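Notes to accompany the following structure.
Residue numbers (our numbering): 37 to 475.
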């Protein structure tokens, strides 16, 4: 395997990759929101939410587990091929089973009878999950390849949206473009996979994979209870328009969260390497540097989003989405909580092999989220779901910081805290002055 890749270079590539997830919605959302309106957006996003539950079980926690296992074996071609083959076959089988169950549901359940075409279209994301091997490229730290591939696919989907989506009734076409864009990534991955490895059908031992995969599946299930359940419960009790208000605000918040988390998102393979070679001091220094970068990035973004929510909603979504203004204000702190939580949970706890502690933290979060959603959605609709998500993410972050303290304590210097306060105070003053001077 080639020499150790630069963390800085990988971070730049990962930031660019996740930056695409921010830039392209900023281009498409204003157009799509004004064409499909809140009702059409709600239909597509609710269908996507349902498919995401099936994708959760189809993936079995492999997207996280696979990164770590590929990182462990990437210097041994034989072990790499065996690891890849075992995980690919497991993912193939689970996706096939989930796809069959999904198809039965779509054709049998009365709810889907009027929207069969939409749910089959969105289901493409599930059917082609058999080729989802992003975890393999991440484990090899091939972030340059991932970024370039993503750019090409997103550019093609962007062009398709402007060419084919022109009226409110085109929501199925919009769903098809989204689905084929994701499927395009999967197929492209498989077309290039043999540059790095080969399928191996000898000496495969699936038994050793079952326990960690199901622990991570349980973790992912708990995480997704409060990542997906909010939209699902909104669909139970509220209209398609309410789902549209919530999902548009959530989309902006989540794509920014992905971008900020990506600044530390390339660390897992490197942290695993440091732990295996017992370079704990280097691990601690790297983690502290990343923590400081995350704080100086996501705190100003959260404050800015809170103060400028009305402008952002009107510019990006249009007047049909005015109820999303309050939703986005409530959502703003989510960026800080989920970004720091990603560092402590996904990166550090996973690196130390503490999947069970990670599971424990998100199970607590899932229980809290379900309770808060149940109590607040019927009265406060999308704002109730938003409040539940923010509170849950904060509690999960605190738990994960507590668990990581068993291994190391990350410090941020007083000077950095002071600089962070001054920077944000200056930004707040500038925003207030500009808003006062410019209507």
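Just so it is clear, CB atoms sit at the ideal spot from N, CA and C, and this is done for glycine as well.
Here the structure is a predicted model, which means the values were calculated and not measured.
DSSP three-state assignment for residue i, whether helix, strand or coil
i, result
"residue 377", "helix"
"residue 159", "coil"
"residue 52", "helix"
"residue 39", "Confidence is the limiting factor: at residue 39 the pLDDT is only 42, short of 50, which leaves the residue's position unreliable, though a coordinate-based value still follows. Looking at residue 39 - three-state DSSP - the assignment turns out to be coil, as it is neither helix nor strand."
"residue 233", "coil"
"residue 371", "helix"
"residue 458", "helix"
"residue 474", "coil"
"residue 465", "helix"
"residue 244", "helix"
"residue 359", "coil"
"residue 275", "coil"
"residue 353", "coil"
"residue 448", "coil"
"residue 281", "helix"
"residue 67", "helix"
"residue 443", "coil"
Residue i versus residue j - alpha carbon distance
i, j, result
"residue 263", "residue 429", "10 Å"
"residue 360", "residue 160", "29 Å"
"residue 114", "residue 384", "28 Å"
"residue 182", "residue 116", "19 Å"
"residue 398", "residue 147", "31 Å"
"residue 125", "residue 235", "10 Å"
"residue 410", "residue 273", "10 Å"
"residue 457", "residue 340", "14 Å"
"residue 121", "residue 320", "34 Å"
"residue 337", "residue 227", "38 Å"
"residue 40", "residue 318", "Residue placement at residue 40 is poorly supported in this model, since its pLDDT is 48, which falls under 50; the coordinates still yield a value, given next. One C-alpha to the other measures close to 15 Å."
"residue 219", "residue 170", "12 Å"
"residue 133", "residue 471", "55 Å"
"residue 247", "residue 425", "29 Å"
"residue 155", "residue 142", "7 Å"
"residue 405", "residue 434", "15 Å"
"residue 420", "residue 271", "13 Å"
"residue 191", "residue 451", "42 Å"
"residue 243", "residue 268", "34 Å"
"residue 362", "residue 266", "17 Å"
"residue 176", "residue 388", "19 Å"
"residue 215", "residue 82", "14 Å"
"residue 238", "residue 123", "14 Å"
"residue 53", "residue 285", "21 Å"
Residue range of the unbroken alpha helix (DSSP H) whose run includes residue i
i, result
"residue 181", "179-200"
"residue 389", "It is not in any alpha helix (DSSP H) - residue 389 carries neither H nor E in the DSSP assignment."
"residue 228", "207-228"
"residue 204", "First-last for residue 204: undefined, no H or E at that position."
"residue 336", "316-343"
"residue 435", "418-440"
"residue 129", "113-144"
"residue 538", "Shown here, the chain extends from 37 to 475; a query on residue 538 therefore has no answer."
"residue 109", "98-109"
Spatial neighbours of residue i in its chain, beta-carbon cut-off 6 Å, leaving aside the 5 residues before and after
i, result
"residue 37", "Confidence in residue 37 is poor, its pLDDT being 42 and thus under 50, which makes the residue's placement unreliable; the coordinate value appears in the next sentence. Cβ within range, chain order: 110, 111."
"residue 289", "367, 370"
"residue 217", "189, 193"
"residue 88", "264"
"residue 64", "197"
"residue 343", "467"
"residue 380", "436, 437, 440"
"residue 105", "119"
"residue 90", "134, 138, 162"
Beta-carbon contacts of residue i that lie in its chain and below 7 Å, excluding the five residues immediately before and after
i, result
"residue 180", "49"
"residue 461", "none"
"residue 395", "251, 254, 255, 258"
"residue 185", "221, 224"
"residue 375", "293, 296, 297, 330, 334"
"residue 208", "153, 154, 157"
"residue 80", "207, 210, 211"
Chain-order list of residues whose beta-carbon lies under 8 Å from that of residue i (same chain, five-residue window excluded)
i, result
"residue 223", "164, 167"
"residue 212", "157, 160"
"residue 130", "93, 94, 95, 96"
Residue i: CB within 7 Å of a non-hydrogen atom of the ligand ATP
i, result
"residue 169", "Looking at this structure, you won't find the ligand ATP or any other ligand, since it has none at all."
Residue-level contact to chain B via CB, residue i, 8 Å cutoff
i, result
"residue 402", "The chain labelled as chain B is not found in the depicted structure, where only one protein chain is given."
For the segment 368-379 against the segment 72-82, are there 3 or more C-beta pairs whose distance is under 8 Å? no
Should the segment 402-414 be called in touch with the segment 285-300, which here means at least 3 C-beta pairs below 8 Å? no
With a threshold of 8 Å, are at least 3 pairs of Cβ atoms found where one atom belongs to the segment 193-200 and the other to the segment 59-72? yes
Would you be able to state if there are at least three C-beta pairs under 8 Å between the segment 436-449 and the segment 322-331? yes
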